[in-house]
Amino acid sequence: MKPAPFEYVRPRTRAGVLAALAAAGEDGKVLAGGQSLIPLLSMRLASPKVLVDINLVPDFSALKISPTHVEIGPTVRHQELLTSEAVRKAVPLLAQALSYVAHPVIRNRGTSVGSIAHADPSGELTAVLSLLDGVVTIEGQDGTREVTGSDFFLGPLESAINSGEMATRVTFGRLPTTMGTACVEVSRRHGDYALVGVCAAIVLGEDHQIDRARISLFSVGPTPIVIDVSGILKGIRIDSKHWREAARFIASSVDPDGDIHATTAYRKNLVEVLSKRGLQCAYQNALDRVAVKQ
Amino acid sequence: MTTRTFGEPILRREDPRLVRGDGRYLDDLGQGAYEVAFLRSPHASARILEIDASAAISVDGLIAIYTYEDLEGRMAERLPLLIPHPSLTAGRTGYSLAKEYVRHVGEAIVMVVASNRYIAEDAVGLIEVSYEIFPPVVGIESARAADHLVHADVSDNISAHMIQEVGDARSEIANSKHQIVLDLEIERSASMPLEGKGVYAVWDSDAKEMRLWSSTQTSTGVRAAVAAKLNLPLQKVECTAPDVGGGFGVKIMHPWPEEVLIPWAAQILNHPVKWTEDRREHFISSAHERQQSHHVEVGFDDDGRIAGLDVTFFHDNGSYTPYGIIVPIITSTQLLGPYKPSSYRVEFTSLYTNTVIVTPYRGAGRPQGVFAMERTIDAIANYLGMSRDKVRDVNFIQPGEMPYDQHLTFQDGRPLIYDSGDYPASMAMLKKMIGWDDFEEYQQLARLSGRKVGIGMACYVEGTGVGPYEGGFVQVETSGRVNVSTGLTSQGQGHQTAFAQIVSEELGVPIEDVFVETGDTRRFAYAVGTFASRAAVMSGNAIALAARSVREKALRIAGDALECDPRDLEIIGGVVQVKGDPTNCIPLKTIAVLSNPLRYAFDESAQAATQFAVGDTSKPPILEGEEPGLESRDYYSPLQSTFASGMHAAIVETDPETAEIKILKYVVVHDCGRLINPMIVEGQIHGGVAQGVGGALYERMEYDENGQLLNASFMDFLMPYATEVPFIETGHLETPSPLNPLGIKGAGEAGVIPGSALLASAIEDAEGFEIRKMPISPSELWQLRIDHQNGLVPTLKIGEKQK
């Protein structure tokens, strides 16, 4: 379990990183936290010829919280995002989802942007990006572009980033105070990838009635699956029948693969159970946020 | 007064070194040694047609490439069958590098030596092997069908078949008022130490001596095996087990192919060579255990008393049988636990499959046996509508019946006679600790709020401290330092603490003065190894005996020096003194000086022992029958094993929607005789319970029909984290063993044994339907609920109550 030979470069500037990536082309790979990449290298499941270590670029580690946005640089660690009170207030779903990401030792090294760029459909943050329509800024030597939410994910471990490019920023808008969110998942062990996970967001309208309800499923398909259930829940206050109806609708819309840890049928059941729990929890959080606001 | 050490929860003395990173594990040794990587079979069953290493030859840093064709003499012969048995009629072992055929994914075919492991792996990647691929045998059913064979000359895939019978179980069952039939399955798991195997060898071409380190549970065994394979005199091979990061059984198996290949290469290349196993190698080329399927028939009366028990089981032994049939023998003999059925018949068939070999993993066949027995007891309780504890009670061997002869032959070839134990007392303690009698009320309350909770219990008896023997050496230096050594190895058991406690107590010296060394053939050459919960019993008693004779000699010499009767002397705090007159004394270190009459004084203390300073000139300096030095060597060799016992109980909660299984409470009552160090015993129990929970709820070896292991990594082989292991409450009972001087029994494996039986019992109680197969995952439990709703899984009486 030793990596195949590779060239290692560690530029100190953004321009240097982009130049190195451009030079390496398809043979290059960005090394940020390394929590997914290093095991792949050690097992020789990936053998990039050039590793571009971006950890020395100073402005890559910036976490900016403005009145309207949260901007996450590519070397911001999960732990920083998870423990930032300002982030928790601006985009509560980030902390809600990150608390499920592995263990402190991994969160201390692993980066949130890297986790999104890795495009693992089991990653909690991929579902967060899709649900909240976060924006990924992709840079290469030829220029910069922005990709929003679900459009970023093309398949398992496959994103809109082309060779020679990297994700230099992920931006989330501050959530409206009428929105409540939640992340729930079932994993085999604490910190494992979810068997099924659900991020949910509910926006309240007038008189605390539901205006909008969406969920984003992870570990269910090749990319995060966003499903809008506003049609079922709009105008609804508290009634368990409607939660169940929405959850059943969600479960009937998906067909997760079975594997050694769980069957398709069980995963479908989890989609239903967790959708119900996620929506209920998001609704409660929305009520709480509105109450605090008042 | 001296401070007592035996029986005290003294902090482990080895821990400060180990937790600060000062441990020296195998891979910490041998900087600068050549390193080895193996090309291992990607196929479960195949013939090797051609090996083409031409592309690898040009790799910079490559030293050598070896295949079977390069092996000569004894190296070209099969690896030894370590434990032959008359019932093992078709025992087969492999070669250290595959000869023509490979029989499981992971079997070593080519050994590559390079200047480091990276380069060795690069070269392995460039070697091309072509194969003729055969359909493999995977799983017990496929082995029994024998449509394909693992070994061409074993036409039914059966390596061994064995029957033991006490009384006429079949007719007793037939004549019983009630009968039950059960089919019970346990899947594969593995020892999975954090440190894999590893070997480092240095050949001294001047002295023609092999110096060898292995991450092993038996350095004496590895030494003997290497001497035999390399045709070297035993005196020219020395083996040390350095710090070993866990064994759990897999490292008692020896010699592993690498343990003979690495020294062989070191000798040929005349350069130090090292191999450190990586995790994937450990998964596919070490050993697994546990997979068995059992058919149980039992006959009993209205009180649940078992008249006849008839167990037939199939054991999957993997591709070879180098460690014999120890595992199924242990299942078949330890299955009975604390119970006394009037008659018992057990029959097992051990089968070859194209999978990794099976050798003992902590518990070694007992978890399966206990699963079969305890599930049977629970089934009887359900059938009769009796409480599960009551059925256990009526079948217990009573304390007054000890020693109790089960009339079976144990794994050591000796009669299975329980030496001591008090099972009813253990049960009483267990029920109190878990709150057994109050649980039903809690269960009903929980049910009202939509929660599913269940309680379970499981009992076991464990034969520990198997022979043939271990030895101990105790030596007092003139500085007062007490050196202790024993031949068996340590891999986390706390021997440097527990053995020092024994010597401190027996000799009357401060524990700080006692230094323990284990697993080094240069220090102690006669030993068996650390397995079967035997180290404390075997080496502990040997060391105690050696310490006692050192004490005797010290008192004799002190008696001469103090001109008094040795019987009037005692040793306190390292000083021999006259009882009641502590001023009349002589330190042990001075006795050590006097015990070794010298010609030369090399320091101040030695002057006291030189020829013009001491001695009765009418006698020789060393008396007849005496030896110089204050030291002794002794051995402990028991007539039979000593039988520890225990009972676990747990409360679980299962999620009504997701079928997730959570352990709310876990209690252990444990009786391993006199405790040397209760903290170490509890640590052993905690680690064992963690593995028991792993085996019951998380771990399995996921082979597909092609014999590929699909989960050969820590990402997919789910060992429980600390977050999955419950808080463990432990109650100790101390029923001393009458068999050994210290009255102790083994504790190493206890914690793991009842895990699957216990959690199946508790989950069953929560769910109200039968659990017959372990481990169980939420996905499987959820499916069982559906099958149960569809009438495919029988409802239990507790389940009928829930309706």
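Residue numbers (our numbering), protein chains in the order written: chain A, 73 to 366; chain B, 512 to 1314.
Built from N, CA and C at the ideal position, the CB exists for glycine as well.
The structure presented is a predicted model; accordingly, all values stated were derived computationally and were not measured.
Problem set entry | 6 Å Cβ shell around B:I1282 - same chain, five flanking residues per side excluded | So the qualifying residues of the chain are A1271, I1274 and E1275.
Exercise. Do you know how far the Cα of A:L166 is from the Cα of B:M1049?
Worked result: Taking the CA atoms as reference points, B:M1049 sits about 57 Å from A:L166.
Exercise. Can at least three beta-carbon pairs, one atom from the region 336-344 of chain A and one from the region 1279-1293 of chain B, be found at a separation below 8 Å?
Worked result: Counting C-beta pairs closer than 8 Å gives three or more between the region 336-344 of chain A and the region 1279-1293 of chain B, which meets the contact rule.
Exercise. To which residues of the same chain is A:L153 closer than 8 Å at the C-beta, ignoring the five residues directly before and after it?
Worked result: Taken in chain order, the residues that qualify are L135, I144, V159, L166, A167, L170 and S184.
Problem set entry | Extent of the continuous beta strand (DSSP E) run through B:A1273 | Careful: B:A1273 lies outside any beta strand (DSSP E), inside the alpha helix (DSSP H) at G1266 to E1278.
For this session: Measure how close the beta-carbons of B:A609 and B:I559 come, nearest whole angstrom, since I'm counting them as under 8 Å.
Result: About 6 Å; that satisfies the 8 Å criterion.
Problem set entry | Closer than 8 Å to chain A by CB, B:M512 | The predicted model places B:M512 with a pLDDT of 40, which falls under 50 and marks its position as unreliable; any figure quoted below should be read in that light. So no, B:M512 is outside the interface.
Exercise. Span of the alpha helix (DSSP H) holding B:Q778?
Worked result: Taken as a continuous stretch (DSSP letters only), the alpha helix (DSSP H) holding B:Q778 covers P768 to L780.
For this session: Using beta-carbon positions only, say whether B:G967 and B:A1261 come within less than 8 Å of one another.
Result: The answer is no: Cβ separation not under 8 Å.
Problem set entry | Any C-beta of chain A under 8 Å from that of B:D571 | Not closer than 8 Å to any Cβ of chain A, the Cβ of B:D571 fails to qualify, so no.
Exercise. Is A:P248 close to chain B, meaning its C-beta is less than 8 Å from at least one C-beta of that chain?
Worked result: Cβ-Cβ to chain B under 8 Å: no for A:P248.
Exercise. If we ignore side chains and look at the alpha-carbon of each, how far apart do B:D827 and B:G1259 end up?
Worked result: Inter-residue distance for B:D827 and B:G1259 is about 25 Å (C-alpha atoms, whole angstroms).
For this session: Could you work out which residues of chain A lie near B:R791, taking near to mean beta carbons separated by less than 9 Å?
Result: Within chain A, the residues near B:R791 are M73 and M115.
Problem set entry | At least three beta-carbon pairs within less than 8 Å, the region 1031-1043 of chain B to the region 1236-1244 of chain B | Contact between the region 1031-1043 of chain B and the region 1236-1244 of chain B is absent, because fewer than three Cβ pairs lie under 8 Å.
For this session: Take every Cβ of the region 942-952 of chain B, pair it with every Cβ of the region 873-892 of chain B, and state whether three or more of those distances are shorter than 8 Å.
Result: Taking 8 Å as the limit for Cβ pairs, the verdict is that the region 873-892 of chain B does not touch the region 942-952 of chain B.
Problem set entry | Distance, B:R1185 Cα to B:C1075 Cα | C-alpha separation (whole angstroms): 34 Å.
For this session: With DSSP as the reference, label B:I562 as helix, strand or coil.
Result: Here DSSP, grouped into helix, strand and coil, assigns B:I562 to strand.
Problem set entry | Neighbouring residues, chain B, relative to A:N341 (Cβ below 7 Å) | Per Cβ cutoff of 7 Å: W1293.
Problem set entry | chain A contact for B:T1234 (CB, 8 Å cutoff) | Closer than 8 Å: yes.
Exercise. Where B:F549 and B:E792 are concerned, what is the direct C-alpha to C-alpha distance, given to the nearest angstrom?
Worked result: Approximately 9 Å, taken between the alpha carbons.
Exercise. Under 7 Å Cβ-Cβ, which residues of chain B neighbour A:Y80?
Worked result: Contact annotation for A:Y80 against chain B: no contact, minimum CB-CB distance about 14 Å [criterion: below 7 Å].
For this session: Report the three-state DSSP secondary structure of B:N893 (helix, strand or coil).
Result: Looking at B:N893 - three-state DSSP - the assignment turns out to be helix.
Problem set entry | Proximal residues of chain A, C-beta to C-beta of B:N1222 below 7 Å | Within chain A, the residues I332 have their CB atoms less than 7 Å from the CB of B:N1222, given in chain order.
For this session: State yes or no: is the C-beta of A:Y172 within less than 8 Å of the C-beta of A:E257?
Result: Yes. Within cutoff.
Problem set entry | Contact set between the region 605-634 of chain B and chain A, restricted to residues whose Cβ is under 7 Å from the partner | Result list: R628, Y629, E632 and D633.
Exercise. What is the rounded straight-line gap between the Cα of A:A266 and the Cα of A:G195?
Worked result: Straight-line measurement puts the Cα of A:G195 at about 8 Å from the Cα of A:A266.
Exercise. DSSP state of A:F244, grouped into three classes?
Worked result: Strand.
Exercise. So B:A544 packs on B:K762, CB below 8 Å; how close in whole Å?
Worked result: Not quite, the Cβ-Cβ distance comes to about 20 Å (not below 8 Å), so this is no contact.
Problem set entry | Alpha carbon of A:R149 to alpha carbon of A:R179, nearest angstrom | One C-alpha to the other measures close to 7 Å.
For this session: Quick one: grab the DSSP three-state call for B:D715.
Result: When DSSP states are grouped into helix, strand and coil, B:D715 belongs to the strand group.
Exercise. Can you tell which of B:S687, B:G518, B:Q802 and B:E643 has the C-alpha that lies nearest to the C-alpha of B:A1207?
Worked result: Out of B:S687, B:G518, B:Q802 and B:E643, the CA that lies nearest to the CA of B:A1207 is found in B:Q802.
For this session: Output yes if chain A places a C-beta closer than 8 Å to the C-beta of B:S796; else output no.
Result: Chain A, which has no Cβ nearer than 8 Å to the Cβ of B:S796, makes this no.
Exercise. What does A:R261 touch in chain B if you count any residue whose Cβ is under 9 Å from its own?
Worked result: Under the 9 Å cutoff, chain B gives Y1209, L1229, M1230, P1231, Y1232, T1234 and E1235.
Exercise. Among the residues of its own chain, which have a CB less than 7 Å from the CB of A:G215, if the five just before and after it don't count?
Worked result: There are no such residues.
Exercise. Taking only runs of the alpha helix (DSSP H) that begin and end inside the region 81-111 of chain A, which ones reach a length of at least 4 residues, in chain order?
Worked result: Fully contained in the region 81-111 of chain A are the following alpha helix (DSSP H) runs of length 4 or more, in chain order: 86-96.
Problem set entry | Start and end residues, alpha helix (DSSP H) containing A:L154 | Start and end: H150 to T155.
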